[in-house]
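Convert by adding 76 to the 1-based position in the sequence shown; the result is the number in this note's numbering. This report refers to the structure that appears directly beneath it.
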Amino acid sequence: MSSQSLATLAIHADDSIASTSDVAPPIHVSTTFRYPGGHGNRLGEASPDELITAKEMAHKKPDFFVYSRHSSPTTARLEKILSVVLSPAPTDPKTPHTLNPVVTYSSGQSAFHAALVHFNPRAISYGTCYHGCKAMSQLFSSLTGMKLLPLDCPAEDLQPGDIIHLETPINPTGTTLSIEHYAQKAHSRGAFLIVDSTFAPPPLQNPFQHGADIVMHSSTKYIGGHSDMLGGVLAVRHDYANIPGNGEKIAHKLITERLLLGGVMGSLEGWLGLRSIRTLSLRVTQASQSATKLVQYLATSLPPNLAPLIKQVHHASLEVTQDSHKDWLPAQMPNGYGPVFAITMRSEKLARWLPSKLHLFHHATSLGGVESLIEWRALSDEHADTKLLRISVGIEGWEDLRDDIVRALEELLETGY
77 MSSQSLATLA IHADDSIAST SDVAPPIHVS TTFRYPGGHG NRLGEASPDE LITAKEMAHK
137 KPDFFVYSRH SSPTTARLEK ILSVVLSPAP TDPKTPHTLN PVVTYSSGQS AFHAALVHFN
197 PRAISYGTCY HGCKAMSQLF SSLTGMKLLP LDCPAEDLQP GDIIHLETPI NPTGTTLSIE
257 HYAQKAHSRG AFLIVDSTFA PPPLQNPFQH GADIVMHSST KYIGGHSDML GGVLAVRHDY
317 ANIPGNGEKI AHKLITERLL LGGVMGSLEG WLGLRSIRTL SLRVTQASQS ATKLVQYLAT
377 SLPPNLAPLI KQVHHASLEV TQDSHKDWLP AQMPNGYGPV FAITMRSEKL ARWLPSKLHL
437 FHHATSLGGV ESLIEWRALS DEHADTKLLR ISVGIEGWED LRDDIVRALE ELLETGY
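Here it is, written out as structure tokens:
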């Protein structure tokens, strides 16, 4: 299976654990499940001898379902697919293909909270990132005394067990940071690197290949892909802390802690994730290609009368050509530079009014859906530049999106904005 494409694996990676003959995965809504060996049990030849006590479950994952706050058939299938999708096969066919275990959560914030609880670090280092993760870090700091360090702090400020939390591409601009650089910095001090790769899901970026210890996704975005589910993901490096097989032990601890924290993904959300993950590669690839075309057009080809309305375009694809210090970027994002970019308008008034003139972009927060979104970022992030607009490109035809933006800019120009 490891030699198969991402598109194929996203459809077939869970075949081995499908419990019914349904081609489309069913929704398991039950919160509780019969133990093996009971009257009327339909689990084949299972017997009471196969039961394990709660004490034993602390060290061994049961091969049956007990209670949905622990696990359920639907979310287990999603985690199975994600463990394969987030573990690309090594380029050297002689290298064993080992999967990185995955734990799902009720939201991206819940996943980040779970990581903080698990590590309980003395300090966390972060830079520009999702404002919710910053606020969560500040809340956790108020409870535990965790120090908040800037991303560019000296390596000597980090101690064993501390965290560098790196978001790349960065929210809201879609620009990038070197995963390898921060992995080396963290590991030189015995600290760990968490990479929030929400803006660059497979097949765009594989943070484990560049040294990440934990990879985080808000599955509300591209894994869900249809703006109709909340979810979060933590994937654990299979040889976590350079110990073969250690990732499974860490994932088991995360599941135990999730049971206590209560941040489990619901069965409906798990089913929506199953539905969506099948088309992840198709959606992300097209959206990323369209975004890059739009970015290039807005940065270089706008009509001369419209170009002054946009002060700057921000996107990873521009960094490749404009920033000689980012020669590492093509290797970090070999399959595209992401579907999210941002534009800084000439004035706040232009930024405030442009979304209302567009027909194909919904003016809404979030990103990652099949529909294109635009957001005057100041509406949801109090620290955002009031001239900044974040754009999440969907799977519409890019030429249609281009024409919509040009028409809206022309209307603004004609009305004196």
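Just so you know, even glycine gets a beta-carbon here, dropped at the ideal spot from N, CA and C. All of these numbers come straight from a predicted model, not from anything done at the bench.
In the structure shown, Ala418 adopts extended strand secondary structure according to DSSP, grouped into three states. CA-to-CA, the gap between Thr296 and Ser357 works out to about 16 Å. The C-beta separation of Ser182 from Leu306 comes to about 6 Å, placing the pair in contact by the 8 Å criterion.
By the C-beta density criterion, Ala317 is exposed, having fewer than 16 other C-beta atoms within 10 angstroms. Going by beta carbons, Leu280 and Met409 fall inside the 7 Å limit. Your pair Phe417 and Val389 checks out as a contact, with CB atoms roughly 7 Å apart and the cut at 8 Å.
For Glu475, the closest alpha carbon among the candidates Ser432, Ala363, Asn381 is that of Ala363.
Listed in chain order, the non-local C-beta contacts of His391 below 6 Å within the same chain comprise Gly250, Val371, Phe417, local neighbours out to five positions each way being set aside.
Between the beta-carbon of Leu436 and that of Glu486 there is about 15 Å, and that puts the pair past the 8 Å contact cut. Secondary structure of His390 (DSSP, three-state): strand. In the DSSP assignment, Leu280 falls outside any alpha helix (DSSP H), carrying neither H nor E.
Per DSSP, Ser186 has no beta bridge partner at all. Val161: member of the alpha helix (DSSP H) spanning 149 to 161, first to last residue. The residue from Gly184, Thr220, Thr180 with its alpha-carbon nearest to that of Arg198 is Thr220. With fewer than 16 other beta carbons inside 10 angstroms of its own, Leu336 counts as exposed.
Assigned with DSSP and collapsed to three states, Pro431 falls in helix.
The shortest CA-to-CA distance from Phe195 to any of Ser217, Gly203, His104, Thr174 is the one to Ser217.
DSSP lists Ala418, Glu451 as the beta-bridge partner residues of Arg466. One Cα belongs to Ser95, the other to Ile246, and the distance between them is close to 39 Å.
Here Lys223 carries a strand assignment [DSSP, helix/strand/coil]. Under DSSP, the beta-bridge partners assigned to Phe268 are Ile239. Annotation: Pro380 to Lys433 spans about 20 Å, alpha carbon to alpha carbon.
DSSP lists Leu225, Ile240 as the bridge partner or partners of Ser201. With a cutoff of 7 Å on beta-carbon distance, Trp452 and Ala427 are scored as near each other. When DSSP states are grouped into helix, strand and coil, Ala311 belongs to the strand group.
Restricting attention to Lys156, Ala262, Leu215, the CA atom closest to the CA of Cys229 is found in Ala262. Take the alpha-carbon of Ala211 and the one of Pro112: they are about 44 Å apart.
Here Ile270 is buried, its C-beta having at least 16 other C-beta atoms within 10 Å.
Burial check for Lys463: the Cβ neighbour count within 10 Å reaches 16 or more, so the residue is buried.
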